[in-house]
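Following this note's numbering, the numbering of the sequence shown begins with 5 at its first residue and continues without gaps. A quick write-up on the structure given underneath.
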Amino acid sequence: MDQWIGLNERAQKLVKGKQVLAWTEQVTRVYPDGRKETLPDRKVFASTVKCEPSGEEVPYAFGDGATFKLDKYTLPNGTVYFERMQAEPWSSGPCYFTALQTEDGKCVPESCWTEREIEQNL
């Protein structure tokens, strides 16, 4: 069975970003009988880090063409990180551990899984 492990907690923290108010929704319902109901404002938050598909995919070992899609993260300062496969050890099937790389292909050290962490997650 394919097992997606993904990024470690340190990497997730790097690309989480800060949650900022993106907009406030104001909703007024208008019913067929002309009645109006105004709902309480709802604040909608977004991350300061832009996450989008990188275009890279990892095919399932046991699948019908299905894939895991890897992400691209753009930080507020313009730094771009790409999610890339770090390790694929086997434990009743492949376990996919990812890490972050910079645009020039260098690994972001704090995003890399240690051997011990990989063993603990199998």
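The C-beta atom is built at its ideal place from N, Cα and C for all residues, glycine as well.
- Under the three-state reduction of DSSP output, P93 falls in the coil class, being neither helix nor strand.
- When Cβ pairs closer than 8 angstroms are counted between the two stretches, the stretch 35 to 42 is seen not to touch the stretch 60 to 74, the count staying below three.
- Around T52, the same chain offers G21, K22, V24, P80 as residues with beta carbons nearer than 7 angstroms, after the five sequence neighbours per side are excluded.
- Counting C-beta atoms within 10 angstroms of its own C-beta, F49 has fewer than 16 neighbours from the protein chains shown and is therefore classed as exposed.
- Within the stretch 8 to 69, complete alpha helix (DSSP H) segments of at least 4 residues are found at 13 to 20, given in chain order.
- A residue is called buried when at least 16 other Cβ atoms come within 10 angstroms of its Cβ; Y35 does not meet this threshold and is exposed.
- By the CB criterion at 8 angstroms, Q7 and C99 fall inside the cutoff.
- The three-state secondary structure of E87, taken from DSSP, is strand.
- Around the beta carbon of A103, 16 or more other beta carbons lie within 10 angstroms, which makes this residue buried.
- DSSP places P113 within a helical segment (H, G or I) once states are collapsed to three.
- A distance below 8 angstroms between beta-carbons, with the five flanking residues on each side excluded, links M5 to the following residues of its chain, in chain order: F66, S96, G97.
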